[in-house]
Amino acid sequence: MTTTMWTSAAIAAAGLMLGVVSAPAAQTVSTGYVIGSDDVLDITVWNNTGLSRTVPVRPDGKISLPLLDDVQAAGLSPKQLKDDLTRRLVKYVASPEVSVIVREIRSFRVAVIGEVNKPGRYDFKSRASVLEAIALAGGFNAFASKSKMVILRVDGSTLKRIPCDYNKVISADGHSESYFLRPGDTVIVP
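Numbering (this note's numbering), first residue to last: 13 to 202.
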């Protein structure tokens, strides 16, 4: 088995252990986990300890590596970043074998505000639903308007307001409106 196949198998196994292979259902087609700011990555260059390291993804979405300086990581899948690093390292290393493993997922943060018992920002390791976010926020308080919840989502340069009715989310009529959140979403419970 070639080194590339072993590397691919290691990345896939790490992804399964971290639960990063599930993409948020509210997104259209996705190829898997997308690296975000504050994630921590293990970058390994086979037989080159000087280039291999654990790096945080900065708030600007970049990582810093020897020889390459700043490299955009946020918004890419681990495979896309691996391919980009391999392409860049060819100038310095003969036939580089690169692996990118997401060591810590820190970029999936969601805010829950309004009429909940513990408003605040919450970190998730993988996709999360509105119900999970409400549960982490301690549930609704006595004044919550459950049928008038709103998810605020930044999509490019626009701010989307997505209505979310709790009663429809939990309905047992077979028509599930399971709203899955994306990193950076804000759930407002009026």
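Glycine residues also receive a C-beta, built at the ideal position from the N, C-alpha and C atoms.
- For the pair of segments examined, the stretch 86-105 was found to touch the stretch 47-55: the number of CB pairs separated by less than 8 angstroms reaches three.
- When Cβ pairs closer than 8 angstroms are counted between the two stretches, the stretch 121-140 is seen not to touch the stretch 103-113, the count staying below three.
- Residue state for S141 is assigned as strand, using DSSP reduced to three classes.
- Counting C-beta pairs closer than 8 angstroms gives fewer than three between the stretch 133-141 and the stretch 152-169, which falls short of the contact rule.
- Shown here for Y191: same chain residues with a beta carbon closer than 8 angstroms to its own, the five before and five after excluded, namely A38, S141, V142, I163, I174, C176, V181 in chain order.
- The beta carbon of T66 lies closer than 8 angstroms to those of V52, L53, D54, I55, R115 in the same chain, with the five residues before and after it left out.
- In the structure shown, the three-state DSSP call for I146 is helix.
- Between I117 and the set S157, T198, P131, P68, the nearest pair of CA atoms involves P68.
- Contact check for V201 against M161 passes: the beta carbons are separated by less than 8 angstroms.
- Annotation for L53: the continuous beta strand (DSSP E) segment containing it runs 52-57.
- Non-local beta-carbon contacts of N179 in its own chain, meaning distances under 7 angstroms to residues more than five positions away in sequence, involve K158, S159 in chain order.
- By the criterion of a C-beta distance shorter than 6 angstroms, K130 is surrounded in its chain by A149, G150, once the five residues flanking it on both sides are discounted.
- K74 has its alpha-carbon roughly 10 angstroms from the corresponding atom of G87.
- Under DSSP, R133 forms a beta bridge with A123.
- Cβ contact annotation for D82 (same chain, cutoff 7 angstroms, sequence separation greater than five): K74, S76, in chain order.
- Secondary structure at L93: helix, using DSSP grouped into helix, strand and coil.
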